[in-house]
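Notes to accompany the following structure.
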Amino acid sequence: MRLSVLVSQLALSSLAVAAAIRDNRFGPFKVISDVEQRDAHQDVVTWDAHSLFIRGERAMIYSGEFHPFRLPVPSLWLDVFQKIKALGFNTVSFYVDWALLEAKEGEYRAEGIFDLDPFFKAAETAGIFLIARPGPYNNAEVSGGGFPGRLQRLAGQLRTKSPDFLKATENYMSNIVPLIAKYQITNGGPVILYQAENEYSTSNGKVPFPDGEYMQDVIDQARRLGIVVPIVNNDASKDGHNRPGTGAGAVDMYGYDSYPLGFDCSSPTYWRSDALPVDYHEVHMRNSPNTPFLINEFGGGAYDSHGGVGYDKCAALTNHEYERVFNKNTLAGGIGILSVYMIFGGTNWGNLGHSNGYTSYDYGSAIREDRYLDREKYSELKLEAHFNRASPSYLLTTPGPLSTTAYTDNPNIAVTPLQSNGTGEFYVVRHSDYQLTASATYKLHLPTSTGTLTVPQTGGSLTLPRRDTKIHVTDYPVGDHTLLYCTAEIFTWQKTVDQTILVLYGGLGEFHELAFQESHKVTQIEGDKIQTAASSTNTVISWTVETKRQVIQVNDLTIYLLDRNSAYNYWAPILPAGKNGSFGNSVMNPDAVIVNGPYLVRSVDVSGSTLNIQADFNKTSEFEVIGAPEGVSKLSINGKSTKFTKSKQGNWLAKPSITFPDLKLPDLKSLDWMSLDSLPEIQPGYDDSQWTRAQNFTRNSAWPLSTPVSLYGGDYGYNTGTLLFRGRFSATGSENSLFLRTVGGLAFASSVWLDGKFVGAKLAQANNNVANSTYTIPQLSPGTLHVLTIVVDNMGLNEDFVIGDEDMKQPRGILSYSLTSSAGEQTDIDSWKITGNLGGEDYKDHFRGPLNEGGLFAERQGYHQPNPPKDQFFNHSPFEQHDGAGIQFYTAKLPLDLPAKDYDIPLSFVFGNSNSTKPYHGFLYVNGFQFGKYISYLGPQTSFPVPEGILNYAGDNWVSLAVWALDTAGAAVPGLSLSARQPVLTGRQPVELVASPKWVKRSDAY
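Using mature numbering (1 follows the signal peptide of the UniProt record, and there is no 0), the letters of the sequence shown correspond one by one to residues -18 to -1, 1 to 988.
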């Protein structure tokens, strides 16, 4: 647990000198403030024009984005890291969300699920390097772009060198940066790069931009607080902002974002004609020719919005075909550091998202929101990443000009050569019209060390299927062997004590060739359809790809010839190596074991004579170990001794005992539901004496008031969730119309009551942050006193992407109002009160964080937490009709008894589709965590995954639902069910239950 209250000046003085911090694992940590000492200290991560060097080894960085705060179960972070590592990736990039850690100025809280120490340690356990991106601004589709809501009250401009903005960042950065610094690779940790700011790329023209002095302040702050690894940026454009050599604010390495197909998932099969970047290399050479080509965010999916099409279509937009064309195109551009955004999206639980998105942040990424691996794009990405890992010679190449004539006989085929100085070359082959959905045949004219060859040499043609890219190699080193050329694609290769193993693949029915210099004996071990043509100068092997694999032997080189779908089942987990642990004995093509068969292979290691394999299974399958390490003779799978036989080539063949449970999930309709009114504020005689009196003038410089007092939630510390307002007035008798201009973010709704009687509601609209509403007021008697009650939902604060627009400062609440007569006479509303989450920035639930609760009565009382007081409720189910507009709260105990010790069983709460005209918003809570905001009439999300660890799979849970009916007809939930995916027999580490605090009476709740 860590709670820090720092004064900025004290932090500055204490950190200006080197300070030693002890850690049992990493030993002494020093903050190095002197520039010369810092540069001398950091020789672990260096770079040239082609790539990074890590501990002196040239390294291709293949990274994916993963945000720990979007998976609030720390024991599951290792699960995600292992799934990323299994792809062949070596790095993860991550944001930190400032808004979750310092909601109140000066109070930094990073305890429990917000403690990042386990994240760093899980990365090290999995053997994953890290790129740290703490901001302070992030964007990231989170509320406020990561800025705490209190920054709405800053007078100065955000993301500028305004003194009050820089001061506001100091406490957060003085806590998070030293933690990151502690885990730098220079201290034995996994952090290899640090990103300053985020997408500092565009302005409205009203502030100095780009302001090198501001960016330099951000860089200096990081250096002063202990960062010694290289500092990078990520330009949202490719305009070269803050690139090396530009003076103040220049970073060590320049990077930018690339989302080739953008974010419109509505037509996932449509690719724009101008979407494929053909100028990657030229742009890189113009911007930063002396550093590696770095893409910090490469589109691995897309975000979706309220009223959108759902994340399955975003996954289809960026599917396996997209990866074959667009991901491989980055290799044609000479990429040295590639980070896929997102590789695992997670969930916008507890109001942490911005309003242009919903609860799910699945992103259509390779790993689903519920961590399931059933998208083909995961498998395709695995093939590509392993090829990169196995091909260190790629990093010595330079892209040549794209050509449709120099290397092929078909002008409909475009080839980019990646040329080297004798270390092997690569040819990236795609359709000239990359949108093409038809196949094309072609021959290649390949320069090799023996001269230019026309391939295939044995007759026939190569085939490029629809929306595909292939990488052909020449003079490609495979251990002690060299492929003169190979038209099949390479998955991986490994050198063992007595053989070298090479795994190739292609599409079904494709014809392929590979060749070696000189004449060699070729022995077919499996299959019978290999053709060999040998001469005194070379040996050519050709074959047609079938579902049945073929295996051949050339000297001590064993070559596996697979179809692509079979290759999806192959894995190459890295063998741990001494002090490097799971990182292996090198970054590029470290020693590994090739495994065929399982759903997932998490890790391997050797203990004595036993090969231990940690694997997952989603079906009964054969299990094959290819290239077992020297000295092992026993096999253990997930801690169980497993018998095996050996094939004639020495592979281990096993049939693990695999069974799957017959799950019986509770019927949510059968639970003992309790209910209460969560809008007692509309009842006659309601006491609002403890509410906050609205009497402030706004400190929001971007949104001047048009009301006598501020009705912005942020001016009173209410920055998250539902807002409630009560306004009192004395009637003149002539008023008959109420106008409201409310603001709650995209897809927000609002409702109005007068003296407890429903006046009307404004339904959510996907594209409106602000809504104008006019309501009819019934005849009132002159001189009588009345109360308006208004509910406005806050769907998350805006991001602050454009410098100078101050978009994050767009308030949440009421912008203007008028109570008027037909003649235009106005009735004054004499006083206003406001409430939101209990305590505002002095929020009550430190465990679940500052954003999880809004201002609903049940939330303020804490009734969404486990074991609420039964005497406050009556028996009623959300599936039964509740009449009238209002907000009804329901809660029930949910017992589970699932075999989670051995199986990974992702669960989701699924709202039933309804043709009802009764509109409602549903707020789903599980053990106190808000895990769903459902809009019955807008969508698209109906299924809300909740991870194990939040859910207790072996005990009691509490599920709660607030139903906000927006019509006098009231509402009933037509269906809510618990759904499970196919269980996976898993070798993961046990999931630790997040110890969610139970309900305790809040003495100051109202």
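Where a beta carbon is used, it is the ideal one built from N, C-alpha and C, also for glycine. Every value quoted in this text rests on a predicted model; they were computed, and no experiment measured them.
Proximity of residue i and residue j at Cβ, strictly below 9 Å
i	j	result
F63	A137	no
I512	I523	yes
residue 989	V583	No information on residue 989 is available, as it lies outside the stretch -18 to 988 that the chain covers here.
F905	T924	no
L593	S618	yes
G866	F740	yes
V479	E612	yes
V460	Y409	no
G868	K900	no
For residue i, the nearest candidate out of the options (CA to CA)
i	options	result
F76	F147, V173 and L58	V173
P56	D97, M42 and Q24	D97
L245	V210, G281, A163 and T478	In the sequence as presented, Leu is not what sits at residue 245; that position holds Phe. The residue with the shortest Cα to Cα distance from F245 is G281.
V210	I167, L593 and Y668	I167
Q971	L60, S337 and Y345	L60
I317	K875, A297 and P374	P374
T704	F839, S671, D587 and L722	F839
L647	P690, A218 and R963	R963
L967	P643, S890 and W525	P643
N754	S798, I395, S431 and G208	S798
L435	A420, N333, Q499 and Y698	Q499
I772	G695, N72, Q847 and G831	G695
A298	I277, L943, D217 and Y252	Y252
P662	P690, Q854, V588 and G831	Q854
L486	S548, N330 and Y389	S548
R357	G332, L334, P956 and I325	I325
T474	T430, Y550, T519 and E407	Y550
P145	E195, E366, W685 and R206	E195
L658	T873, N330, N701 and V588	T873
L876	N157, R115, Y182 and V941	V941
Burial state of residue i, where buried means 16 or more other Cβ atoms lie within 10 Å
i	result
G404	exposed
G237	buried
K983	exposed
R4	With a pLDDT of only 30 at R4, under the threshold of 50, the placement of this residue in the model should not be trusted; the figure read from the coordinates follows. So R4 ends up on the exposed side.
N834	buried
S564	buried
S859	buried
S249	exposed
D193	buried
Q808	exposed
I14	Confidence in I14 is poor, its pLDDT being 45 and thus under 50, which makes the residue's placement unreliable; the coordinate value appears in the next sentence. With 16 or more other Cβ atoms within 10 Å, it is buried.
K625	exposed
N857	exposed
residue 1007	Past the boundaries of the shown model lies residue 1007; the chain is included only from -18 to 988, so the question cannot be answered.
E39	exposed
G491	exposed
Q677	exposed
For residue i, the residue or residues it bridges with in DSSP
i	result
S433	Just to set this straight, residue 433 is Gly in the shown sequence, not Ser. BP columns for G433 point to T430.
Q476	I483
H903	I917 and W946
F656	According to the sequence displayed, residue 656 carries Met and not Phe. Paired residue(s): N857 and T873.
V588	L593
C296	None, per the DSSP bridge assignment.
D217	Y238
I349	F326
R412	A396 and T451
W525	H494
Range of the contiguous beta strand (DSSP E) that encloses residue i
i	result
residue 994	Residue 994 is absent from the model: the chain starts at -18 and stops at 988.
P877	G868 to D879
Y467	H463 to C468
L770	L767 to V774
E717	E717 to V725
F829	Where F829 is concerned, there is no enclosing beta strand (DSSP E), given that its DSSP letter is neither H nor E.
Range covered by the alpha helix (DSSP H) that runs through residue i
i	result
N370	E358 to R371
P100	D99 to A108
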